[in-house]
Amino acid sequence: MWAPKLGCYGIQRIHLLRNVMILAGAGVGGGSLNYANTLYVPPEPFFKDRQWSHITDWRAELMPHYEQAQRMLGVVRNPTFTDADRIVKEVADEMGFGDTWVPTPVGVFFGRTGRRRRASGCPTPTSAGWGPSGSAATNADAA
Numbered sequence: 004m005w006a007p008k009l010g011c012y013g014i015q016r017i018h019l020l021r022n023v024m025i026l027a028g029a030g031v032g033g034g035s036l037n038y039a040n041t042l043y044v045p046p047e048p049f050f051k052d053r054q055w056s057h058i059t060d061w062r063a064e065l066m067p068h069y070e071q072a073q074r075m076l077g078v079v080r081n082p083t084f085t086d087a088d089r090i091v092k093e094v095a096d097e098m099g100f101g102d103t104w105v106p107t108p109v110g111v112f113f114g115r116t117g118r119r120r121r122a123s124g125c126p127t128p129t130s131a132g133w134g135p136s137g138s139a140a141t142n143a144d145a146a
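Our numbering puts the first residue of the sequence shown at 4, with every later residue one more than the last.
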């Protein structure tokens, strides 16, 4: 957290305003340092909110942009299932919301095979043949 008066010099900033809390950050990795590469599409109630639903059909208006961003960022469901994931799923089940648990959609390249090993020199989904090849995430923390 960035709060020099408190001796904190991290990347995340928290701005508390009257009706909203804003998380921001600066560092190598950009916004993904704060949002942890999660790339959700808002649920239907967001698009139908009475504050703006009368303006246009927001789902129809925005989905092409969400889909393009997903393609550009190589969004996939996180293939890693840890003890923390299991516990969250169990709690959701106990609360009657187990059907809402899904693996997190993330902008992380895990490799083409889905195996948990380093895959160096792979063309990444986002390079589209224009940029350098990359290395897949290794899931080292999930072993």
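Cβ atoms here follow ideal geometry from the backbone N, Cα and C, with glycine treated the same way.
Residues bridged to residue i (per DSSP)
i, result
"Thr41", "Val109"
"Gly28", "Gln15"
"Val79", "Val109"
"Trp5", "Tyr12"
Spatially closest choice to residue i from the options, by CA coordinates
i, options, result
"Leu19", "Ala6, Asp52 and Arg62", "Ala6"
"Phe49", "Ala39, Leu76, Trp61 and Tyr38", "Trp61"
"Val44", "Ala27, Tyr69 and Met24", "Tyr69"
"Asn81", "Asp96, Val94, Thr107 and Gly101", "Thr107"
"Ala172", "Ile58, Ile25, Asp52 and Leu42", "Any property of residue 172 remains undetermined from this structure, which presents the chain solely from 4 to 146."
Cβ neighbour criterion (16 or more within 10 Å) applied to residue i
i, result
"Val31", "exposed"
"Arg120", "Because the pLDDT of Arg120 is 45, which lies under 50, any placement of that residue in the model is unreliable, and the number read from its coordinates should be weighed accordingly. By the 10 Å Cβ count, Arg120 comes out exposed."
"Gln54", "exposed"
"Ala27", "exposed"
beta-carbon residue i near the ligand SAH non-hydrogen atom, thresh 8 Å
i, result
"Gly13", "Looking at this structure, you won't find the ligand SAH or any other ligand, since it has none at all."
For residue j and residue i, believed in contact at Cβ under 8 Å, the rounded distance
i, j, result
"Phe113", "Val79", "7 Å"
"Met4", "Gly13", "5 Å"
"Asn40", "Gly110", "5 Å"
"Ala95", "Thr103", "6 Å"
Beta carbon proximity, residue i to chain D, threshold 9 Å
i, result
"Leu76", "Annotation note: the requested chain D is absent from the structure, which comprises a single protein chain."
Start-to-end residues for the alpha helix (DSSP H) that takes in residue i
i, result
"Phe50", "Glu47 to Phe50"
"Ile90", "Asp86 to Glu97"
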